[in-house]
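Have a look at the structure below before the remarks.
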Amino acid sequence: MFFSKLKTVYGKKFEIQFGGERALQQARREWYSEISKLTPESINLGFEQLKSNLVEEDPNYEWPEVSKVIALCQLNQLDQNLPSLEQTIAEIIQRNGRYRGENFEYSHRLIELVAQDCGHFVTREPSDKFERRVRTSHKKWVKQAQKDGLPQRRAALELKIVETPAFEYSNAQNPFQARIDKLRKNQQGAE
Numbered sequence: 016m017f018f019s020k021l022k023t024v025y026g027k028k029f030e031i032q033f034g035g036e037r038a039l040q041q042a043r044r045e046w047y048s049e050i051s052k053l054t055p056e057s058i059n060l061g062f063e064q065l066k067s068n069l070v071e072e073d074p075n076y077e078w079p080e081v082s083k084v085i086a087l088c089q090l091n092q093l094d095q096n097l098p099s100l101e102q103t104i105a106e107i108i109q110r111n112g113r114y115r116g117e118n119f120e121y122s123h124r125l126i127e128l129v130a131q132d133c134g135h136f137v138t139r140e141p142s143d144k145f146e147r148r149v150r151t152s153h154k155k156w157v158k159q160a161q162k163d164g165l166p167q168r169r170a171a172l173e174l175k176i177v178e179t180p181a182f183e184y185s186n187a188q189n190p191f192q193a194r195i196d197k198l199r200k201n202q203q204g205a206e
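The sequence shown begins at 16 in the numbering used here and counts up one residue at a time.
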């Protein structure tokens, strides 16, 4: 399943990289122990990630390197409890669309962090550009989650509202206001 997907994705580059059937069999034997640890779901998710990397023209995935593709599948196996890119985009659109102005709780901290990075672009950019921006941020936070975990929420600073007394014009002690009053009186007297 793994190598057939690899061949489908890379096409002619796969044939160039592996040559004939003998080289392919040798690669299968060499990488069997690592590939056998992967679930079918993680392989599918890994190849979806590979396709998006190829669409973005990532130079690291220009040629079919088995180790890099296995690493993508392993990452996806680790982040299966993290929200998908599609779920992230959907929640950001909901927050900035239907639920704008209301209290809105994101379903996962990762989505909240991605929304902080680029949520305000949802109404300012075309959908394809916005999705690329979200994909980049999502990828960054997924790597962060796998490496060190996601940062915790910080408490907001307390806002102290001090009521200032209303300015009473009649008993003004403001020197500027007194000067304006004097100029007005002189103007009225001159008329």
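Virtual Cβ for every residue (Gly too), placed ideally from N, Cα, C.
Does DSSP classify residue i as helix, strand or coil?
i, result
"A170", "coil"
"H153", "helix"
"R147", "helix"
"G112", "coil"
"I176", "coil"
"L65", "helix"
"D207", "The requested residue 207 is not part of the displayed model; the chain covers only 16 to 206."
"N201", "helix"
"E117", "coil"
"W46", "helix"
"E36", "helix"
"S122", "coil"
"Q92", "Low local confidence applies: a pLDDT of 47 at Q92 is under 50, so the model's placement there is unreliable, and no value is given."
"K27", "helix"
"V137", "coil"
"P74", "helix"
"K52", "coil"
"E127", "helix"
"L21", "helix"
"L100", "helix"
"P79", "coil"
"N189", "coil"
With residue i and residue j assumed to form a contact (beta carbons below 8 Å), what rounded beta-carbon distance in angstroms separates them?
i, j, result
"I85", "E30", "About 20 Å; that fails the 8 Å criterion."
"I104", "G134", "About 10 Å; that fails the 8 Å criterion."
"L65", "V24", "6 Å"
"F145", "V157", "In fact, because the Cβ distance is near 18 Å, the residues do not count as touching under 8 Å."
Evaluate residue i with the Cβ neighbour count: other Cβ atoms within 10 Å of its Cβ, from every protein chain shown; 16 or more gives buried, anything less gives exposed.
i, result
"Y47", "exposed"
"H153", "buried"
"V177", "exposed"
"S57", "buried"
"E80", "exposed"
"S19", "exposed"
"I126", "buried"
"L53", "buried"
"P166", "exposed"
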